[in-house]
Each structure stands twice: as structure tokens, then as C-alpha cells.
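Student: Questions regarding the structure given below will be posed in turn.
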Amino acid sequence: MQPFDYVKPNSLEEASALLIEHNGDARLMAGMTDLLIRIERGFFHPRLVVDVKALPGMRDLLVVRNGDLRIGAAVTMNEVALSPTARSGWPLLAEGCQSVASYQLRNRATVGGNVCNASPAADSVPALLCYEASVHIFGTDGDRTLPLAEFITGPGRTALQRGELVTAITVPAPARGAAGKFLKLGRTAVGDISVMNVAVLGWPDDEMPSGSQWRIALGSVAPTVIRAPEAERILAANTSLAGIEAAAQAASDASRPIDDIRATAAYRRDMVRVLTRRGVEGVLAEIGEQANR
């Protein structure tokens with residue numbers, strides 16, 4: 002492995018300045034579960050690794066005044082998955098974080114890293130998209146915020162500019178009565194990268210013909226994690242068995258998978274349909290249970 006220098010800046014400003022000074026030869030680290038592998042395998046050749054996990058706000062996991070959940074970029078997957086606050090208020094996100102890799106890796110892997118890697122197979126991103134999360138960014142021009150849907154621009158690509166780093170993700174509070182399901186298909190029961198995954202979020206809404214609104218996000222079936230807006234529209238109109246089947250097919254039609262070592266494109270399309278149907282049925286059952294409590 003190529004040697005590199007390590008630095009632990011004392012401020013966001015210092016971290017940003019280091020990124021600019023080293024102009025492509027510096028890499029940020031928080032959990033380092035992915036970065037170290039890429040360095041070892043020769044994909045990255047940084048001369049400097051900048052440790053940002055102790056910077057202000059990076060370890061925040063709290064509900065802010067407007068009810069949003071603020072997740073610092075260096076908060077680990079297990080911290081979200083095991084958080085009583087996340088499990089009660091944002092259970093779909095807790096499910097997604099709990100499905101990442103193994104318990105040991107989740108103790109190191111961070112939500113910010115999962116988002117910034119911009120992998121189409123990321124397990125936290127579908128839930129974050131369903132909750133319409135936003136990404137907070139610091140750079141030389143100050144702070145800015147982007148919707149997560151705009152932050153990830155392609156496989157392994159984000160909207161980060163030179164000298165910028167992610168400081169936090171904020172997740173709006175879901176609507177009253179919301180329920181969610183995260184379903185993941187892997188080659189093994191635990192610890193595997195997603196062959197594909199589906200996040201489904203639904204909540205009661207009397208203004209919709211079906212009495213409910215929906216968000217569906219699909220992972221590992223397109224260059225980035227995607228929403229399935231036509232499936233969401235169908236369910237807002239009709240949650241009968243026929244409506245669920247039509248929505249599941251619409252989600253499959255929205256996918257753009259590839260053949261790779263883990264699965265064929267055709268198999269992934271079929272599984273999008275199957276897991277979307279299961280997710281919707283599970284959410285409907287949970288919404289019904291909540292209404293009867």
C-alpha cells in the first residue's frame with residue numbers, strides 16, 4: 002500500500018483549506034471502511050488523508066427544533082440503527098442502516114460516507130430518498146444545502162465542489178401515521194452488497210383517492226438509487242390488489258439494471274416487482290395496525 006500522511010484538522014475551515022491545497026491528492030476519512038480498501042487495492046492514491054470525524058457537528062444525532070433528524074456525517078450506521086430516536090421516528094432509515102454489511106463494519110461505517118460514495122447499492126440512501134433528506138455542505142464559500150436527490154449525480158459522483166465536504170444530513174419528520182419497509186436482496190443472508198433493495202414509505206392522506214400517499218426508492222437497479230414516481234402515483238390512486246400489482250410493475254419498469262457478477266438485469270427487474278409488492282403490503286398492514294390502536 003502506498004504510504005500517505007495523516008492530519009486531523011481543528012476546524013471545517015482548515016479541512017476545506019487542506020483539500021484545496023492538495024488539489025485532488027487529499028481524501029477525507031471518517032469511518033474509513035471503504036477508503037482503506039480502495040487505497041489498498043490501488044483505486045485511490047492519496048498523499049494526505051484528512052480525518053474529519055471529530056469536527057464540530059460531525060457526530061450529532063439529534064432532533065432539531067423543527068422536528069427534523071440531524072445526522073452528522075461521521076455518525077455510524079449502528080448509531081442510527083440502534084438509536085431509540087431513529088427507530089421510533091424514522092424506522093425506515095434505521096432498517097436501512099441496520100442492513101449495511103456486518104455489525105463490526107457498522108460500528109465504523111458512517112452515514113456520510115455511504116452517501117458520499119454514491120453507490121447505487123447503498124442501503125441507507127433509499128430510505129433517505131423516501132424521507133426526502135437534505136445534505137449539508139461546507140466549503141470556502143460557506144454552507145449550502147442540497148436535496149439528496151440532487152447531491153448524488155451518478156455512480157460514485159456527487160455535487161461536491163473543490164474544497165467542499167459534507168457535514169450532516171437532515172431528515173424531515175415523516176407524516177403522522179407513516180410506516181415504512183426496507184427490503185434487501187443479497188447473495189447471503191447478512192453482510193453482502195445489495196443485489197437490489199427497495200424502500201417503501203406510506204402514510205394516510207384523506208385527500209388522495211386511495212386515502213394514502215407513497216414514496217418508493219430502488220437501489221442497485223440503476224446508475225444511482227432512484228425513486229419510482231409512477232408507482233407512487235398509482236398507489237395514491239388505488240391500493241387494491243390490482244393497484245399494488247400495477248405499482249409493483251411500474252417500479253420494475255422504472256428500473257434500469259445491468260448484468261453483473263451478482264445478478265442479471267432480468268432477475269433484478271423481477272425482484273423489484275416482487276419486493277415492491279411485499280413492501281407495499283407490509284406498509285398497508287402497519288398503517289392499518291396503527292389505525293386500530
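To convert, take the position in the sequence shown, counting from 1, and add 1; that gives my numbering. Quick reminder that beta carbons are idealized off the backbone N, C-alpha and C, glycines included. Just so you know, these numbers come straight off a predicted model, no measurement behind them.
#1: Can you find the residues in the same chain that come closer than 7 Å, C-beta to C-beta, to Thr240, ignoring five residues on each side of it along the sequence?
#2: Between which two residues does the beta strand (DSSP E) harbouring His137 extend?
#3: State the DSSP-derived secondary structure class of Gly181, mapped to helix, strand or coil.
#4: Please state if the CB of Leu106 and the CB of Leu129 are separated by a distance shorter than 8 Å.
#5: Going by beta-carbon coordinates alone, are Phe152 and Leu13 separated by less than 8 Å?
#6: Please confirm whether Lys182 and Val201 have their CB atoms less than 8 Å apart.
#7: So within the region 67 to 141, which uninterrupted alpha helix (DSSP H) runs reach at least 4 residues, ignoring any that extend past its ends?
#8: I need the straight-line Cα distance from Val65 to Gln3, nearest angstrom please.
#9: State buried or exposed for Ser103, treating a residue as buried only when at least 16 other CB atoms are found within 10 Å of its CB.
#10: DSSP state of Ala264, grouped into three classes?
#11: Return the first residue and the last residue of the beta strand (DSSP E) that Ile170 is part of.
#12: Leaving out five residues on either side along the sequence, give the residues of the same chain with a beta carbon under 7 Å from the beta carbon of Gly58.
#13: Of the residues Pro10, Glu233 and Ser221, which one's Cα is nearest the Cα of Met209?
#14: According to DSSP, simplified to helix, strand and coil, what is Ile259?
#15: Run through DSSP, which three-state label would Asp193 get?
Tutor: Concretely, from the data shown:
#1: Here the question's residue 240 lines up with position 239 in the sequence shown. Excluding positions up to five away in sequence, the list reads Ser211, Ser213 and Leu285.
#2: If you number the sequence shown from 1, residue 137 lands on position 136. Segment Ser135 to Gly140, the beta strand (DSSP E) holding His137.
#3: Within the sequence shown, the letter at position 180 stands for residue 181. Note: Gly181 maps to strand in three-state DSSP.
#4: In the sequence shown, residue 129 corresponds to position 128, counting from 1. In the sequence shown, residue 106 corresponds to position 105, counting from 1. Contact flag unset, no.
#5: Mapped onto the sequence shown, residue 152 falls at position 151. Mapped onto the sequence shown, residue 13 falls at position 12. No.
#6: Counting from 1 along the sequence shown, the entry for residue 182 is found at position 181. Counting from 1 along the sequence shown, the entry for residue 201 is found at position 200. Contact flag set, yes.
#7: 78 to 82, 85 to 90, 92 to 99, 104 to 107, 112 to 118 and 125 to 131
#8: The residue labelled residue 65 in the question sits at position 64 within the sequence shown. The residue labelled residue 3 in the question sits at position 2 within the sequence shown. Val65 and Gln3: Cα-Cα distance of roughly 42 Å.
#9: Stepping through the sequence shown from its first residue, residue 103 is reached at position 102. Ser103 should be labelled exposed.
#10: The residue you call residue 264 lines up with position 263 of the sequence shown. Reduced to three states, the DSSP call for Ala264 is coil.
#11: The residue labelled residue 170 in the question sits at position 169 within the sequence shown. Segment Leu166 to Val172, the beta strand (DSSP E) holding Ile170.
#12: Numbered from its first residue, the sequence shown carries residue 58 at position 57. Within the same chain, Gly58 has close Cβ partners Gly73, Thr168 and Ala169.
#13: In the sequence shown, residue 209 corresponds to position 208, counting from 1. Checked all of Pro10, Glu233 and Ser221; the closest Cα to Met209 is Glu233.
#14: Walking along the sequence shown from the start, residue 259 turns up at place 258. Three-state result, Ile259: coil.
#15: Here residue 193 corresponds to residue number 192 of the sequence shown, with the count starting at 1. Residue state, collapsed to three classes: coil.
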